[in-house]
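Undergrad: The following block contains the structure, expressed as structure tokens.
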Amino acid sequence: MALFIVRRLFGLIPVLLGVLAVAFAVTRLTPGDPAEIMGGLEATPEVIAAIRIDMGLDRPVPVQFLIYVGNVLQGDLGRSFYNGREVLGVMLEALPRTAWLAAVALAFTLGLGIPLGIVSALRKDSWVDFAARSFALVGVSAPPFFVGLLAILLFSSYVRWFPSYGSGTWRHVVLPGLALGLSSAGLVTRLTRSAMLEVLNENYIRTARAKGLRRRTVHYVHAFRNAAIPIVTITGLQLGSLLSGAVLTETVFAYPGIGRLLVRSIFERDFPMVQGLILLIALIYLVANLLTDLLYTAIDPRIKLR
Amino acid sequence: MTARSPILAEIRRSRITQAALLLTVLYCVVALAGPWLAPHDPTSMLAMPRRPPSERFWLGTDEIGRDLLSRLIHGARVAFTVAFLATAIGLLGGAVLGLIAAYFAGYIDSAIMRTMDILLAFPGLLLALAIIAILGPGLTNAMIAIGIGGIPEYARLMRGEVLSLLGRDHVLAARAMGASDLRVMWRHLIPFTVPTMLVYSTSQLARAVLTEAGLSYLGLGVEPPTASWGGMIATGQAHMLTTPMLAIAPGLAIMGLVFALNMLGDSLRDALDPHQRPVVGRQ
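Right, here's the structure in full:
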């Protein structure tokens with residue numbers, strides 16, 4: 000296991016270098032001189048020249064990239080063009096809010112998706128199955144920002160259970176979490192149903208039933224545990240969707256997480272911040288994929304880590 | 000596509016596939032015939048803002064007095080244009096790269112596929128946002144951004160398909176007879192990958208519609224006054240309490256199209272390969 004983790008971490012290095020190159024390209028490929036953008040409209044040519052030297056823009060591009068990688072490794076992601084604050088500090092302020100939102104969304108995803116998928120498979124072709132499949136299809140097809148707006152209309156404006164914007168209390172995160180988790184819940188429902196139906200036809204399930212085990216034991220211990228592997232895969236991959244979706248959902252609910260920060264930074268042409276956020280989100284996604292791989296073995300010892 | 004084609008058989012067999020196909024065709028017709036179908040100019044202010052539905056304005060008017068129905072119809076054109084062109088960029092880029100990677104193998108394969116791994120490290124919308132941060136907002140840039148985002152998955156799919164074909168007798172025979180690399184690729188590999196790539200493209204179309212809507216909602220996609228469903232939801236959001244139709248109508252339009260494309264993609268994938276049902280599980 001330890002060897003597998005070390006090997007996977009080494010395998011991540013070229014990908015991380017590529018991610019760094021993409022983040023680096025955000026400032027270097029953008030039309031216009033980054034020093035002029037940072038200096039602002041009233042900067043004199045001398046000030047711009049000084050900024051160019053300070054940012055290392057007078058050096059060859061490969062050297063600039065190496066300096067950038069060196070700075071990132073030391074935790075120096077630069078300063079925001081917008082307010083001059085350290086990028087890392089601003090990101091770390093917003094990150095826990097997005098993590099909290101993603102956790103609530105994941106709770107909705109699994110809390111709705113898995114039970115609905117199981118019930119749908121166990122009562123195949125009944126009205127429960129039809130309702131669960133309809134829910135799944137609507138969930139998968141609905142854009143998260145539209146679900147967010149409907150949730151605001153229903154739960155915030157009509158019945159006034161939850162606030163429609165901002166952050167600070169658990170109530171603020173319920174509606175964004177629901178909006179964000181719904182499309183993933185649809186996906187998990189469909190996947191759980193199909194995985195369960197496949198497993199329920201297996202010989203070992205027939206054997207378990209023939210042994211006279213309780214239905215609940217057969218369904219939840221024998222069938223679900225084997226159906227869980229694709230569900231874990233999709234849930235791990237869904238973290239990427241949650242991060243993407245957070246960009247939209249946080250905008251709908253004016254929720255101050257990293258998604259909203261990214262959109263605001265793109266509008267403000269705050270390139271160091273955009274660069275830092277791209278790096279952070281890609282890193283989270285890569286780590287999530289690695290953890291997903293590790294989770295397989297915990298669930299299914301038949302899978303050998305290679 | 001012959002009479003025994005599994006795709007045609009699936010369409011004949013499944014009512015859900017038929018319904019999804021019908022809905023997709025309906026959306027296509029609306030998108031293609033938009034200028035003739037739309038009762039008014041989608042960018043002209045014709046009446047007072049936020050008028051309720053009437054005989055002249057079937058769905059009412061928007062926040063600055065434009066005909067909502069006409070904007071919805073023109074929004075379909077934008078959604079289809081972006082979805083088709085972005086999917087085409089992803090399909091062509093990914094197919095060429097995947098084909099080269101599988102065919103030439105070795106270092107070329109490693110270089111291409113490691114680059115694809117880097118692109119795959121950016122979840123969905125993020126890569127599009129990074130590209131838009133570089134290129135700037137707008138319809139064309141949105142298409143390019145969404146298209147590039149689709150390249151890695153197409154490349155992986157194409158590489159897998161080509162790898163499975165390379166050992167087949169007809170490819171080996173063509174090579175033994177001295178056919179050039181280009182001829183082997185063009186005549187003996189690409190035609191066999193077309194069904195799989197096209198079927199995958201159907202679900203990619205749905206993803207492109209959703210991404211375009213998301214970008215336009217954020218104000219980073221199609222720019223006003225051009226009608227786009229995502230942009231219409233963004234402007235309608237401010238009037239959700241008084242005129243919910245402004246945001247709900249484009250939202251339902253997106254959902255309908257994505258629903259139809261997803262169902263169609265799932266059905267066609269089942270028809271081509273019953274074992275390859277990653278998400279669908281239509282039992």
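Note that the protein sequences, when read in sequence, are chains A and B.
Numbering that gives the first Met the number 0 applies: residue 0 is where the first sequence begins, and numbers increase by one.
Numbering that gives the first Met the number 0 applies: residue 0 is where the second sequence begins, and numbers increase by one.
Glycine included, every Cβ here is placed at the ideal spot set by N, Cα and C.
Everything numeric in this text was worked out from a predicted model, so none of it was measured.
1. Is the Cβ-Cβ distance between residue 225 of chain B and residue 77 of chain B less than 8 Å?
2. Are any of the Cβ atoms in chain A nearer than 8 Å to that of residue 201 of chain B?
3. Can you find a CB in chain B that lies within less than 8 Å of the CB of residue 305 of chain A?
4. Hey, how far is the Cα of residue 69 of chain A from the Cα of residue 20 of chain B?
5. How would you call residue 278 of chain B, buried or exposed, if buried means at least 16 neighbouring beta carbons within 10 angstroms?
6. Which whole-angstrom value is the C-beta distance of residue 213 of chain B and residue 144 of chain A, which I expect to be below 8 Å?
7. Does DSSP put residue 61 of chain B in a helix, a strand or coil?
8. Report the neighbours of residue 129 of chain B on chain A: residues whose CB is nearer than 7 Å to its CB, in chain order.
9. Mind reading off the beta-carbon distance from residue 252 of chain A to residue 157 of chain A? Whole number of angstroms is fine, and I expect it under 8 Å.
10. Sort B:115, B:58 and B:267 by Cα distance to residue 148 of chain B and report the nearest one.
11. Who are residue 78 of chain A's beta bridge partners in DSSP?
12. Verify whether the separation of the beta carbon atoms of residue 297 of chain A and residue 238 of chain A is less than 8 Å.
13. Can you name the start and end residues of the alpha helix (DSSP H) that residue 244 of chain B belongs to?
14. So residue 280 of chain A packs on residue 122 of chain B, CB below 8 Å; how close in whole Å?
15. When you compare only the Cα positions, how much space is there between residue 27 of chain A and residue 82 of chain A?
16. Quick one: grab the DSSP three-state call for residue 371 of chain A.
17. Verify the CB distance criterion: does residue 258 of chain B have a CB-CB separation below 8 Å to chain A?
18. Tell me the rounded alpha-carbon separation between residue 282 of chain B and residue 56 of chain B.
19. So, helix, strand or coil for residue 53 of chain A, using DSSP?
20. For residue 271 of chain A and chain B, any beta-carbon pair shorter than 8 Å?
21. So, is the C-beta of residue 99 of chain B closer than 8 Å to a C-beta in chain A?
22. Quick one: list the residues of chain B neighbouring residue 18 of chain A, beta-carbon separation under 8 Å, in chain order.
23. Please state the DSSP three-state secondary structure of residue 269 of chain A.
24. Excluding the five sequence neighbours on either side, which residues of its own chain have a C-beta within less than 7 Å of the C-beta of residue 208 of chain A, listed in chain order?
25. Counting pairs of Cβ atoms below 8 Å between the stretch 150-161 of chain B and the stretch 183-194 of chain B, do you hit three or more?
26. Pairing CB atoms from the stretch 255-263 of chain A with CB atoms from the stretch 84-95 of chain A, are three or more of them under 8 Å?
27. Hey, does residue 250 of chain A have any beta-carbon neighbour from chain B nearer than 8 Å?
28. Using a threshold of 8 Å, state whether the C-beta atoms of residue 263 of chain B and residue 42 of chain B are closer than that.
29. Looking at the unbroken alpha helix (DSSP H) that takes in residue 185 of chain B, where does it start and where does it end?
30. Just to make sure I have the definition right: I need the residues of chain A whose C-beta is within less than 7 Å of the C-beta of residue 216 of chain B. Which are they?
31. Going by other Cβ atoms of all chains shown within 10 Å of its Cβ, with 16 needed for buried, is residue 266 of chain A buried or exposed?
TA: By the coordinates alone:
1. In terms of Cβ geometry, residue 225 of chain B and residue 77 of chain B form a close pair [threshold 8 Å].
2. Chain A contact via Cβ: absent.
3. The pLDDT assigned to residue 305 of chain A is 49, lower than 50, so where the model puts this residue is not dependable, and the model offers no usable value.
4. Spanning the alpha carbons of residue 69 of chain A and residue 20 of chain B requires a straight line of approximately 54 Å.
5. In this prediction, residue 278 of chain B has a pLDDT of 43, which is less than 50 and means its spatial position is unreliable; nothing more can be read from the coordinates.
6. At roughly 7 Å, the Cβ-Cβ gap stays under 8 Å, so residue 213 of chain B and residue 144 of chain A are in contact.
7. The answer is coil: DSSP assigns residue 61 of chain B none of H, G, I, E or B.
8. Neighbours of residue 129 of chain B on chain A, chain order: 21, 25 and 277.
9. Contact doesn't hold; Cβ gap of about 17 Å is too wide.
10. By alpha-carbon distance to residue 148 of chain B, the top candidate from B:115, B:58 and B:267 is B:115.
11. The partner list for residue 78 of chain A (beta bridge, DSSP) reads A:85.
12. No.
13. It spans 244-271 - the alpha helix (DSSP H) in which residue 244 of chain B sits, taken as one unbroken run.
14. Residue 280 of chain A to residue 122 of chain B, Cβ: 7 Å. Contact.
15. The straight-line gap from Cα to Cα measures roughly 21 Å.
16. Since the displayed chain A opens at 0 and closes at 305, residue 371 of chain A lies outside it and no answer follows.
17. It does: the Cβ of residue 258 of chain B has a partner Cβ on chain A nearer than 8 Å.
18. Only weak support exists for where residue 282 of chain B lies, its pLDDT of 31 falling under 50; the coordinates are left without a value.
19. DSSP places residue 53 of chain A in helix when its eight states are reduced to three.
20. The Cβ of residue 271 of chain A sits no closer than 8 Å to any Cβ of chain B.
21. It does not: the Cβ of residue 99 of chain B has no partner Cβ on chain A nearer than 8 Å.
22. The answer, in chain order, is 117, 120 and 121.
23. Annotated three-state conformation of residue 269 of chain A is coil, per DSSP.
24. The beta carbon of residue 208 of chain A is closer than 7 Å to those of 217 in its chain, skipping five residues each way along the sequence.
25. A contact exists between the stretch 150-161 of chain B and the stretch 183-194 of chain B.
26. Result yes; three or more Cβ-Cβ pairs closer than 8 Å.
27. Under the 8 Å criterion on CB atoms, residue 250 of chain A is classed as interfacial with respect to chain B.
28. No.
29. It is not in any alpha helix (DSSP H) - residue 185 of chain B carries neither H nor E in the DSSP assignment.
30. Going along chain A in sequence order, the residues near residue 216 of chain B (Cβ under 7 Å) are 144 and 247.
31. Answer is exposed; the Cβ neighbour count stays below 16.
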